[in-house]
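Numbering (the working numbering), first residue to last: 8 to 363.
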Ligand SMILES: [Ca+2]
Ligand SMILES: [Ca+2]
């Protein structure tokens with residue numbers, strides 16, 4: 008990261024009503040979770056596998072050719088037969104402690120009949136190319152928070168989307184940690200993650216794919232990024248709602264914060280980033296990048312920088328800095344604010360940038 012010598016190159020928006028509407032007009036499609044008609048396929052594969060143990064049911068060496076990009080995995084239909092599917096459910100029929108991952112089916116092995124009752128157990132049992140399917144329900148407590156991907160490229164997804172599969176962090180900790188050099192092939196798909204006290208998702212030296220998620224009402228009192236916090240990270244975030252998250256003190260990026268260097272690529276598409284806040288800068292999102300940053304087809308609205316003093320920090324909606332290449336296209340940036348004591352102050356209600 009080169010030191011940024013630019014002095015407020017340009018400022019868009021208004022103190023109270025951010026008015027920037029970037030190229031392409033006001034198009035915004037509400038995020039939706041596309042139902043995927045593949046349960047029958049997966050069940051058939053599971054029957055074939057018969058789940059003899061919690062690990063290593065198949066030789067999966069043939070799943071992907073060497074060097075083949077993992078992008079095809081965004082198409083669930085492209086998941087090849089033989090991929091191991093590991094099931095998670097914390098109120099399955101044989102679970103003696105529903106919604107309590109510390110009281111488990113003694114025969115739990117990740118099979119449809121004996122699913123794990125925490126997501127971490129499934130990840131610990133998974134190989135990189137495995138798929139983890141999380142049944143409907145509310146997930147709490149150990150193993151269903153502070154979850155580590157372990158450097159795998161697991162495709163972890165809910166069965167019916169974020170409205171039906173909720174990680175409630177109960178004000179203690181974070182949801183997911185991508186801290187083991189995960190790549191975009193590590194996919195998190197279709198969860199609500201709420202009430203975290205240490206952001207919902209951390210990406211450190213990692214660049215996962217996060218899609219079809221609702222990340223709401225999380226906070227971060229210790230670091231940047233109330234909802235998603237990225238440090239030397241290049242996450243791909245799509246079809247997500249990031250709302251009601253906040254960080255306090257001198258931390259920036261109420262909804263999303265990413266800091267990175269050259270070589271990283273941040274992509275945020277078709278997301279709603281609304282009602283997030285900070286006391287510093289970047290109420291909705293704050294990005295400091297020397298890499299490539301693309302923000303496209305997003306609604307960034309109703310985010311706030313609430314300054315404790317009259318110091319001039321900006322970017323109620325977006326705050327950008329760094330030497331990176333930024334593309335913001337087809338986004339609506341509206342009704343963001345920078346306020347102090349309830350009065351509009353600072354600069355860049357909608358959008359503030361010192362990016363070079
Ligand atoms: Ca249980
Ligand atoms: Ca369930």
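Virtual Cβ for every residue (Gly too), placed ideally from N, Cα, C.
Chain-ordered, the residues whose CB falls short of 6 Å from any heavy atom of ligand 2 come out as 96, 98, 142, 143, 144.
Residue 90 and residue 306 have their C-alpha atoms spaced approximately 36 Å apart. In this structure residue 271 is not in contact with residue 213, their Cβ atoms being roughly 10 Å apart against a cut-off of 8 Å. The alpha-carbon of residue 133 is positioned some 21 Å away from that of residue 168. Rounded to the nearest whole angstrom, the C-alpha separation of residue 107 and residue 97 is 7 Å.
The Cβ-Cβ distance between residue 335 and residue 302 falls below 8 Å. Between the stretch 245-257 and the stretch 277-297, the count of C-beta pairs closer than 8 Å reaches three or more; the two stretches touch. Membership of residue 130 in the alpha helix (DSSP H) is indicated by the continuous run 126-132.
Where residue 293 is concerned, the enclosing beta strand (DSSP E) starts and stops at 292-295. Rounded to whole angstroms, the separation of the alpha carbons of residue 344 and residue 297 is 26 Å.
Taking the C-beta atoms as reference points, residue 144 is found nearer than 8 Å to residue 172.
As computed with DSSP, residue 187 is found in no beta bridge at all.
Leaving aside the five residues that flank residue 316 on each side, the residues in its chain whose CB is nearer than 8 Å to its CB run, in chain order, 347. With distances taken between CA atoms, residue 166 lies nearest to 142 out of 187, 174, 142. The DSSP-derived three-state label of residue 343 is coil. With respect to residue 280, residue 258 sits apart: the two C-beta atoms are not nearer than 8 Å. In the DSSP assignment, residue 218 falls within the unbroken beta strand (DSSP E) covering 216-218. Under the DSSP assignment, residue 301 falls in the beta strand (DSSP E) whose first and last residues are 299-303. Residue 169 has its Cβ no nearer than 7 Å to any heavy atom of ligand 1. Note that the C-beta distance between residue 187 and residue 157 is below 8 Å. DSSP lists 184 as the beta-bridge partner residues of residue 155. Our two residues, residue 322 and residue 260, have alpha carbons roughly 9 Å apart in a direct line. Counting the other CB atoms within 10 Å of its CB gives residue 342 a total of 16 or more, which places it among the buried residues. Checking the DSSP bridge columns, you'll see residue 192 has no partner listed.
A check of alpha carbon separations from residue 196 across 161, 189, 181 identifies 161 as the nearest. Excluding its 5 nearest sequence neighbours in each direction, residue 282 has C-beta neighbours in its own chain below 7 Å: 250, 251, 309, 310, listed in chain order.
For residue 150, the CB stays at least 7 Å from every heavy atom of ligand 1.
Straight across, the Cα-Cα distance linking residue 360 with residue 101 is about 54 Å. Nearest neighbour of residue 350 by Cα position, chosen from 314, 232, 244, turns out to be 314.
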